[in-house]
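Chains as they are written, first to last, in the numbering used here: chain A, 114 to 362; chain B, -7 to 287. We put the beta carbon where it would ideally sit given N, CA and C, even for glycine. Quick notes on the structure that follows.
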């Protein structure tokens, strides 16, 4: 599904991402973990095209997408959420999803005037389904800026799904959540995997990562220091060292 | 209605078009100090088509709008790659270039034994189509208001559509919009073309209302005013820029009390609003609040 080959992104002398190789198979939930500043978010930004890579290759479903502009990467099937929540605050919850729902598939299905005014059928039904899935149906006319923190996170996830992605990049979706919210998030992520979406989960919260991922890669100082199943990673000496400091190894 | 009132109302209508063009760009997140250039393109093109070549006004207006759209699209191709203040500066530079081109434009031909056409800094006289066709000032006011109503209806249709929501999204966070699959360059070029056409329509109507235009009609003050109308009136609805025009031309220029102090009062108003209501009187929140309370 997604393959990174010797991917690097440098900021001046800082090697935020430094020669990473990764392969995410279709249908997996792939965890990307590492201490603060280890290059996780930069990797996501390079995959989605917000930052150009310094060197290296990004293959998505076998095709090199390294030169595609951001919006075409989404249309190819890569959607994301943001570590720092980003919503159109002055638009309603419903409108936020409506704007995001502009994939090529959707264009072909809907007639021009139906799309123009928000459509009967397809468009509205799908937004209703997404609102239901994320538990925001009762807030659909609220301005996104007025939502509570947890609701904004859920809206971000629903919005990423509105584009019907094949690959979903979740950048620290559990940050700031309590354990009940994390449990709900875990259920949602597993449901999404069951619909066939491949997920890359960038996360700090180990209770979430260890519970849902099929495979994990660990970054430290922009380099991959380990990769394996959750059990292997928990036992990995280099990982324990990176997270817990010298003596733990 | 006396002639003076009709004149003031017609001016309010005319300048609403260029204010709406600045508003459209602001909604999409771009600050343009250069809408006077496309107003000027419309005024000159419309005048040339009717006064020099005898085209009917509606056809001349359509052609002028096309030219205005094309002009702003072409200016936008390189400049819309710039962000924020850099884009704003580039629009000002482009508009000053346009004004100097109007000063250099000498293009006259003989019509009914009279030399007609743009004569550089001497201006362009004899754009008399509406007088030759016996259109009274009150009827011309009706035409201007009618066209404005059509344009406003278009704005409200777009505002209700996904395109409208997308424009506001692009204006608020272009990087996020791109991450959602929106081709922001294409959206902004489309907005630029529409804004150019709107400003040009205002220009055509202005030229035929005044019968005489000269390059300094299209200087930076017009651009700054257009921008200020949208910023004062508010960015929440297309009525915002109209409110801005009414406040300035109607209340300040039109009233004999404030006339002499117009620029002082207007400048003060802009400064106050930028501090207390940065997105204008009718901003998004106010519009939402009103919508919930009005039938």
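In the displayed model, residue 336 of chain A falls within a strand according to three-state DSSP. Taking a Cβ-Cβ threshold of 7 Å, the residues of chain A close to residue 161 of chain B are 201, 204, 212, in chain order.
Your pair residue 56 of chain B and residue 183 of chain B does not check out as a contact, with CB atoms roughly 19 Å apart and the cut at 8 Å. Neighbours of residue 156 of chain A in chain B, taken as residues at a C-beta separation under 7 Å, are lacking, since the least C-beta distance is about 15 Å. The beta carbon of residue 164 of chain B sits closer than 7 Å to some beta carbon of chain A.
With at least 16 other beta carbons inside 10 angstroms of its own, residue 44 of chain B counts as buried. Taking C-beta atoms as the reference points, residue 74 of chain B and residue 82 of chain B count as a pair closer than 7 Å.
Within chain B, no C-beta atom comes less than 9 Å from the C-beta of residue 277 of chain A; the nearest is roughly 10 Å away. As summarised for the stretch 185 to 239 of chain B, there are no continuous beta strand (DSSP E) elements at least 3 residues long confined to that stretch. Between the alpha carbons of residue 347 of chain A and residue 333 of chain A lies a distance of about 15 Å. Residue pairing from DSSP places residue 168 of chain A in a beta bridge opposite A:121.
By the C-beta density criterion, residue 151 of chain A is buried, having at least 16 other C-beta atoms within 10 angstroms. The alpha-carbon separation between residue 241 of chain A and residue 272 of chain B amounts to approximately 33 Å. When B:226, B:87, B:48 are compared, the shortest CA-CA separation from residue 15 of chain B is found for B:226. Across the stretch 166 to 198 of chain A, CB contacts with chain B closer than 9 Å involve 182, 183, 184, 185, 186, 187, 188, 192, 193, 195, in sequence order along the chain.
In the DSSP assignment, residue 143 of chain A falls within the beta strand (DSSP E) that extends over 142 to 146. When the alpha-carbon of residue 209 of chain B is set against those of B:185, B:163, B:194, the nearest one is in B:194. Beta bridge pairing from DSSP links residue 176 of chain A with A:173. Rounded to the nearest angstrom, the Cβ distance from residue 59 of chain B to residue 233 of chain B is 23 Å, too far for a contact under 8 Å. Within chain B, no residue has its CB atom less than 9 Å from the CB of residue 259 of chain A, the nearest being about 10 Å off. When C-beta atoms of the stretch 192 to 211 of chain A are compared with those of the stretch 253 to 260 of chain A, three or more pairs fall below 8 Å, so the two segments count as touching. Residue environment: residue 253 of chain B is assigned as exposed (fewer than 16 neighbouring CB atoms within 10 Å of its CB, all protein chains considered). In terms of beta-carbon proximity, residue 102 of chain B stays away from the interface with chain A, with every pair separated by 7 Å or more.
In the DSSP annotation of this structure, the continuous segment of the beta strand (DSSP E) that includes residue 135 of chain A starts and ends at 127 to 137.
Residues of chain A whose Cβ lies closer than 7 Å to the Cβ of residue 173 of chain B are, in chain order, 184, 187, 188, 215, 216, 276.
If you ignore the 5 residues before and after residue 136 of chain A, its C-beta comes within less than 6 Å of the C-beta of 116, all in its own chain and listed in chain order. For residue 64 of chain B, the CB contacts under 7 Å within the same chain, skipping 5 residues up- and downstream, are 30, 184, 185, 187, 188 in chain order.
Under the Cβ distance rule, residue 208 of chain A counts among the residues neighbouring chain B, one pair being separated by less than 7 Å. Straight-line spacing of the CA atoms in residue 354 of chain A and residue 307 of chain A works out to 34 Å. Taking 7 Å as the cut-off, the beta carbon of residue 112 of chain B is found no closer than this to the beta carbon of residue 88 of chain B.
For residue 163 of chain A, the chain B residues whose C-beta falls within less than 9 Å of its own C-beta are 167, 170, 171, listed in chain order. For the alpha helix (DSSP H) assignment, the uninterrupted runs of no fewer than 4 residues enclosed by the stretch 266 to 316 of chain A are, from N- to C-terminal side, 292 to 307. Around the beta carbon of residue 130 of chain B, fewer than 16 other beta carbons lie within 10 angstroms, which makes this residue exposed. C-alpha of residue 119 of chain A to C-alpha of residue 133 of chain A: approximately 5 Å in a straight line.
In the structure shown, the three-state DSSP call for residue 331 of chain A is strand. For residue 229 of chain B, there are no neighbours in chain A by C-beta distance under 8 Å, as the nearest C-beta there is about 12 Å away.
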